[in-house]
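If you're matching positions, the sequence shown starts at 5 in this note's numbering and goes up one per residue. Every residue gets a Cβ at the ideal spot worked out from N, C-alpha and C, and that includes glycine.
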Amino acid sequence: MGMFFQCMNSVAPGTVETMSAAEIDQLQAVFMQELFTNQVIMQELEQKMSQVLAAQQGGSSSP
Numbered sequence: 005m006g007m008f009f010q011c012m013n014s015v016a017p018g019t020v021e022t023m024s025a026a027e028i029d030q031l032q033a034v035f036m037q038e039l040f041t042n043q044v045i046m047q048e049l050e051q052k053m054s055q056v057l058a059a060q061q062g063g064s065s066s067p
């Protein structure tokens, strides 16, 4: 599980209203970092999948 979710889990319900601007900024920064990391992972997965599919199609068409 990502840092963002750990941060959110550590935030008790109802405390967002009482958070300081700095705390909210930090939470947003962590969230954006998580988002970026997830996008990178997804791109790598898509590349791997297309490589595997291309290899399978190439292998099955030629005897």
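Where residue i falls: helix, strand or coil (DSSP)
i, result
"Ala58", "helix"
"Met46", "helix"
"Met36", "helix"
"Met5", "Its pLDDT being 46, under 50, Met5 is placed unreliably by the model, and nothing is read from it."
"Met53", "helix"
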